[in-house]
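Chains A and B, in that order, are what the protein sequence lines are.
Residue numbers for the first sequence, in our numbering: 18 to 497.
Residue numbers for the second sequence, in our numbering: 18 to 497.
The C-beta atom is built at its ideal place from N, Cα and C for all residues, glycine as well.
Remember, it's a predicted structure, so these values are computed and weren't measured experimentally.
Notes to accompany the following structure.
Number of protein chains: 2
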Amino acid sequence: MNTSEFRRRGKEMVDYMADYLEGIERRPVYPAVEPGYLRTLIPSSAPEEPEAYEDILGDIERIIMPGVTHWHSPYFFAYFPTASSYPALLADMLCGAIGCIGFSWAASPACTELETVMMDWLGKMLQLPDAFLAGSAGMGGGVIQGSASEATLVALLAARTKVTRQLQATFPELTQAAIMERLVAYSSDQAHSSVERAGLIGGVKLKAIPSDGNFAMRASALQEALERDKASGLIPFFVVATLGTTNCCSFDNLLEVGPLCNKERVWLHIDAAYAGSAFICPEFRHLLDGVEFADSFNFNPHKWLLVNFDCSAMWVKQRTDLIGAFKLDPVYLMHGHQDSGLITDYRHWQIPLGRRFRSLKMWFVFRTYGVKGLQAYIRKHVQLAREFESLVRQDPRFEICMEVILGLVCFRLKGSNQLNETLLKRINGARKIHLVPCHLRDKFVLRFAICSREVESAHVQQAWEHIRELAEDILKPERA
Amino acid sequence: MNTSEFRRRGKEMVDYMADYLEGIERRPVYPAVEPGYLRTLIPSSAPEEPEAYEDILGDIERIIMPGVTHWHSPYFFAYFPTASSYPALLADMLCGAIGCIGFSWAASPACTELETVMMDWLGKMLQLPDAFLAGSAGMGGGVIQGSASEATLVALLAARTKVTRQLQATFPELTQAAIMERLVAYSSDQAHSSVERAGLIGGVKLKAIPSDGNFAMRASALQEALERDKASGLIPFFVVATLGTTNCCSFDNLLEVGPLCNKERVWLHIDAAYAGSAFICPEFRHLLDGVEFADSFNFNPHKWLLVNFDCSAMWVKQRTDLIGAFKLDPVYLMHGHQDSGLITDYRHWQIPLGRRFRSLKMWFVFRTYGVKGLQAYIRKHVQLAREFESLVRQDPRFEICMEVILGLVCFRLKGSNQLNETLLKRINGARKIHLVPCHLRDKFVLRFAICSREVESAHVQQAWEHIRELAEDILKPERA
């Protein structure tokens, strides 16, 4: 394909993208395929000779679309949102064309420098303490990770390295393994599974702190665990506090947990993957109070801030802590400026070496919407969640299972878990809307998350009407 | 920005992308900016109100482009290639519009299933043993990782988990830490820095095996290390063999190292990040002989197979080994088919949870080029490297430092390292072409890698002429 064909095909693709997004609500949100459907539709090996582009294009509707879960449908209320916006798509196209790999400053200075500045912009939007910003000469700073899982892992590894070095400085006879055996990390029992995974990968113990009645980690429970573990010779070194848990969007009590972590000198990492975007609104910023106690903070603009995946924003107070955990400098990556102290080589901040020019997406989105536009977007979603909540509350057969703070509503039919499992099965089977469940303690609960950029009050009302009708069907025989 | 504006702006962007790539050779390949250049060109915080799209577009040439290292310029001969092709750009646009997150089969069945089938297509192109393919009911299979670094880390973690479980089954009194303290991984002293990093992250020892005169790891040196370590109570568990090292594209001796790893029951991972693409050509396939001894194999189609970053292809013989290292199943990710054995939840195969629909790029590229087109592309690059090699060999002031097998030529001026460092500084300072160096033993060596999709014989000749002229300048005073 030469450049002039790309011009033609690219414009066709732009129309296809626009048509897809414009018409998405007419597609069933959840696909009707069985496992293995695609293999039967496709040759078993790659073609020897080039194929016509028309054939590929035609196969999108024939082979791909029937198997797509349409995350941007206004009838998609599952998981948490994944962001999509036109300026982000445009920026990603540009990122593809530039196609640089920004592992060091020299590998493409613009790629590194725009990222540092965009992370400062975003940090200021959230009113993060100055210590987290790179500024022109700060000790902290931000980096774009691929996902919150990676941010948690990177923070855990940095904390592990830091505590190991500190201990070895005092007790030089201690081996790394002897230290690791005694290291313990903590998170709430409501934390995301990626926290447990980071512990597994890092080879350290990870203990779940029982959350309180609001599914929040409190200082008392954490302190109890810390005391017990220290008494038995373990070394607490890392705490993950979650703001906006995946199950039910609960918030760990940062104003309690933060000072405790500082007092105990354990690294505090905040995972606000979903909720973080909301903190750009003054009325939600209080949910982030206590961030000043943290060593690292992370949330995903690719969830709720209109920046397409992947763009997970992470800040640290001491960039040397991250860099120290990973830094290796082979000759083929050396460049003239690297010891100047002025530059950032982001490869030392992350697990992979390579990285795309992802800050372009932030730049396009922040400028196209402006802070006010982004705030309005968050507020609209929260408003829609409250609307759904009030619909649920008007029906005495249902209950709300957790205070609705942002864009997630946890609800269920009053009654057995079995009843609710049946309801969810009917909902997803009907394929008009899509939801996923969670467990809150022993209760099976349905999660209704406001997701799509295009979701409006009418969709929420239709969704509720649909859920009510399916519930009616299920409840009838019970009444008979 | 509404859909109709996106149609217009998207088409404009397609033209910008085409113009950029068409005119790329007229831009200086390496930017002339100093660290910190960008912050002075940009406001210190995000705008409150939306900005006009024209202003953003105008800033690309004003702010971004002056700081871009143009990886796709035909005068870029640094690092290794990073892939770029029009069908991959088109597929990535589609991927952006669909915007699904494919962490489980249910999260978007097409995303998972196309990936499995594309990895089979690619495995067949390389003539990988059947054991690595998913087929319809295989034990192995492929996955797209973000980078070779992640593939190495994932393999190391899987091997660590496997050996730990085996040992604990026999010796239940052994703690994980007691085992980890004794685990040792190995790679050649020529292996990529990401291997050492994987050892650091995984908390295990990583020993560098001295390579031979051709910069290859041989069984004898590996065996010596294994024996010594076992005798001192350590537990060898993981070997990384590199095919096509970053320094000089040397190849570890797989036919020797493979059987030794099997005999010693250590996990063998092959890192062929750059060279792997060449194995689709029958005349280069012999370089992969011995892959049958490996447990996992990885290379980067995003380097040399025209699939834009990121797309790092990894295969394992036993998918349960990977899954076992990470599997955690929270309720919000459960779905009806997950215990059927028929489906793949790729989140268990990788470090992050989220993942883009990257297999679309492979599908578009493989079909647009056909296997023959891809082979022709590899051959053209190898041919250009040989052309450069023969130019260097014709000049008695220069030497070739390593046999040229694929698209990389390692060369230097006969004489001191200082002389060659000066030459490289002049080359990159002139900004007509871009190269990076390496150390081969105690020699400072220049790397000339064929990179761009658009590089032709004329560019290689001009590059050589330019290098020769700069060398002339440097050598003059020495002669005087």
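Going straight from the alpha carbon of Ala-497/B to that of Asp-490/B, what length do you get?
Unreliable placement is indicated for Ala-497/B, whose pLDDT of 47 sits below 50; the coordinate value is still reported in the next sentence. C-alpha separation (whole angstroms): 12 Å.
Closer than 8 Å, Cβ to any Cβ of chain A: which residues of the region 254-272 of chain B, in chain order?
Thr-263, Asn-264
Along the chain, which unbroken stretches of the alpha helix (DSSP H) at least 4 residues long are found entirely within the region 366-432 of chain B?
376-410
Taking Leu-339/A as the reference, give the member of Asp-72/A, Ile-450/A, Lys-179/A, Asp-288/A with the closest Cα.
Lys-179/A
Within the continuous alpha helix (DSSP H) that includes Ala-108/B, where are the two ends?
103-115
What residue range does the beta strand (DSSP E) around Cys-10/B cover?
Residue 10/B lies beyond the stretch modelled for chain B, which goes from 18 to 497, so this question has no answer here.
In chain A, which residues lie less than 7 Å from Ile-59/B when you measure between Cβ atoms?
In chain order: Val-134.
Counting only beta-carbon atoms, is Ile-218/B nearer than 8 Å to chain A?
Judged by the 8 Å Cβ criterion, Ile-218/B is in contact with chain A.
Would you mind telling me which residues of chain B sit closer than 7 Å to Val-50/A, beta carbon to beta carbon, in chain order?
Pro-126
By the 8 Å beta-carbon criterion, what residues does the region 157-170 of chain B contribute toward chain A?
Along the region 157-170 of chain B, going in chain order, the ones with a CB nearer than 8 Å to a CB of chain A are Gly-163, Ser-164, Ala-165, Ser-166, Glu-167, Leu-170.
Nearest chain A C-beta to Ala-497/B closer than 8 Å, yes or no?
Summary for Ala-497/B: the model assigns pLDDT 47, below 50, so the residue's position carries little reliability; its value from the coordinates is reported in the next sentence. By this cut-off, Ala-497/B is not an interface position.
Three or more C-beta pairs closer than 8 Å, one from the region 379-396 of chain A and one from the region 55-70 of chain B: is that the case here?
yes
Find out if the Cβ-Cβ distance for the pair Glu-404/B, Val-477/B is shorter than 8 Å.
yes
What would DSSP say about Thr-178/A, mapped onto helix, strand or coil?
helix
Against chain B, which members of the region 421-455 of chain A pass a CB distance test of less than 7 Å?
Those would be Val-453, Pro-454, Cys-455, in chain order.
Does the Cβ of Asp-362/B have 16 or more other Cβ atoms within 10 Å, making it buried, or fewer, making it exposed?
buried
Could you tell me which chain B residues have their CB closer than 8 Å to the CB of Ile-77/A, listed as they occur along the chain?
Leu-111
How long is the line joining the alpha carbons of Leu-173/B and Gly-219/B, rounded to whole angstroms?
7 Å
Tell me whether the beta-carbon of Cys-117/A lies closer than 8 Å to the beta-carbon of Leu-377/A.
no
Are Leu-285/B and Gly-275/B close, meaning C-beta to C-beta below 8 Å?
yes
Grouping DSSP H, G and I as helix and E and B as strand, with all else coil, what is Ser-211/B?
helix
Only counting the same chain, and skipping five residues up and downstream in sequence, which positions put a Cβ closer than 8 Å to that of Ala-289/A?
Thr-259, Leu-260, Gly-261, Phe-296, Leu-305, Phe-314, Asn-315, Phe-316
I want to verify the contact list: residues of chain A whose CB lies under 7 Å from the CB of Trp-138/B, in sequence order.
Ser-62, Ala-63
In chain B, which residues lie less than 7 Å from Ile-118/A when you measure between Cβ atoms?
Ordered by position in chain B, the residues that pass the 7 Å Cβ test against Ile-118/A are Trp-88, Thr-99, Phe-326.
Only counting runs of 4 or more residues, tell me where the alpha helix (DSSP H) segments fall wholly within the region 228-284 of chain A, in order along the chain.
The region 228-284 of chain A is shown to contain whole alpha helix (DSSP H) runs of 4 or more residues at 236-248, 271-281, in chain order.
Look up Phe-316/A in the DSSP assignment and give the residues it is bridged to.
Ala-330/A
Please classify Phe-310/B: does DSSP put it in a helix, a strand, or coil?
For Phe-310/B, the three-state secondary structure derived from DSSP is helix.
Compare the Cα-Cα distances from Asp-269/A to each of Ala-242/A, Ala-238/A, Asn-279/A, Ile-252/A and report the closest residue.
Ala-238/A
Would you say Gly-387/B faces chain A, with C-beta separation under 8 Å as the test?
Chain A contact via Cβ: present.
Would the region 159-173 of chain A and the region 201-215 of chain A be scored as touching if the rule is three or more Cβ pairs under 8 Å?
Because the criterion of three Cβ pairs below 8 Å is met, the region 159-173 of chain A and the region 201-215 of chain A touch.
Is the beta carbon of Asn-325/B closer than 8 Å to that of Ser-101/B?
Between Ser-101/B and Asn-325/B, the C-beta gap is smaller than 8 Å, which places the two residues in contact.
Does the Cβ of Ser-21/B have 16 or more other Cβ atoms within 10 Å, making it buried, or fewer, making it exposed?
exposed
Cα-Cα, which of Ile-484/A, Glu-39/A, Ile-252/A, Phe-23/A is closest to Asp-36/B?
Phe-23/A
Can you tell which of Arg-282/A, Gly-250/A, Arg-470/A has the C-alpha that lies nearest to the C-alpha of Gly-390/A?
Arg-470/A
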